[in-house]
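Read the structure below first, then the notes.
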Amino acid sequence: MHQPIIYIDSYFLVNFFIDLQVVKIAEVLLEQKRGMNYCIRTAVALSLIACIGLWLKFSVLFVVGITYLMIKRRKFLALVGASLLLSGGIYFLDGMYKFPLVLSSAVVSSFLIQLIRYIKTKNHTEKFMVSVDLAIKGQTFHFNALIDTGNRLYTYSKPVHILEQSVLPIEVIPSRYVSYQSIGKESGVLPVICADSMIVQMESHSIEILKPMIALTKTRLNRKGEYQMLLHSEIERSLYVSETQLKSRCS
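Structural data, given as structure tokens:
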């Protein structure tokens, strides 16, 4: 049987495009925020591995590679490595892909990544969306809020919730300030007020927090205006405990 001629530079380039697509899809599916630079480096490294497979027994390389990846890099690189080495093997066995096909697959992958991100974001928002009644200076204000699992702000060991300053219709004087820092974003300080109380309402139950600490931000928290507050991650645990106690009383 005639063995097709494979040019190493074309082989590497095509593998790189395919690898990069799989890396990005794996990043979204496994909720790993690695960044584009990391994805490019990973695609380059694993494309080189696929090229080395031209001189080695592919089956041996596949087994050794996956074993190493599963031990060293857990499920993220294990999934990526399996996909990339497998794509390299199929490429090696079936011959040269047409380059326009690779480019078109990149467009499809980009659309798929955006679709997955949209679905995951929508599901996350619906799952952690709650309504809040916030009492300040004897007045009660209603807001929609999102339980932010990444919010780790504390002041004097008390959790801090974040509210858009523009939606608060009264003037308040901050009692303290809290510093914050976001990965890859700005850092600074936010003014903090101590509210009278806060009631967090879920569909089946609610919890009340006395003297909650509220940080005010001038930044809009959601472009669509779906929520105006970001609740501290401790709220999730409090709601879970409250729901568990409610179920035990009803049983």
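For any residue, its number in my numbering is found by taking its place in the sequence shown, counting from 1, and adding 43. Where a beta carbon is used, it is the ideal one built from N, C-alpha and C, also for glycine.
Query	Result
Would a C-beta distance cut-off of 8 Å place isoleucine 236 and isoleucine 252 closer than the cut-off?	no
Who are valine 221's beta bridge partners in DSSP?	Leu233
Out of curiosity, what's the CA-to-CA distance linking isoleucine 216 and glutamate 277?	25 Å
Mapping DSSP to helix, strand and coil, what is asparagine 187?	strand
May I have a chain-ordered list of the alpha helix (DSSP H) segments no shorter than 4 residues that lie completely inside the segment 235–287?	none
Where do the N-terminal and C-terminal ends of the beta strand (DSSP E) with lysine 201 fall, by residue?	201–207
Counting only the same chain and skipping the five closest in sequence on each side, list residues whose C-beta sits under 6 Å from that of threonine 85.	Val66
Leucine 211 by DSSP, collapsed to three states: which one?	coil
How would you write the range of the beta strand (DSSP E) that leucine 37 sits in, first residue to last?	Residue 37 lies beyond the residue range present for the chain, which begins at 44 and ends at 294; the question has no answer from this structure.
Is it a yes or a no for the segment 259–269 touching the segment 177–184, going by three-plus beta-carbon pairs under 8 Å?	no
For leucine 146, I'd like the list of residues in its chain whose CB is within less than 8 Å of its CB, leaving aside the five on either flank, ordered along the chain.	For leucine 146, the pLDDT reaches just 49, beneath the cut-off of 50, and the residue's location in the model is therefore unreliable, although a value from the coordinates is still provided. Cβ within range, chain order: Phe60.
Could you check what DSSP says for threonine 192 in three-state terms: helix, strand or coil?	coil
Excluding five sequence neighbours on each side, which residues of the same chain lie with their C-beta closer than 8 Å to the C-beta of serine 218?	Val235, Ile236, Cys237
Are valine 232 and serine 222 closer than 8 Å when you measure CB to CB?	yes
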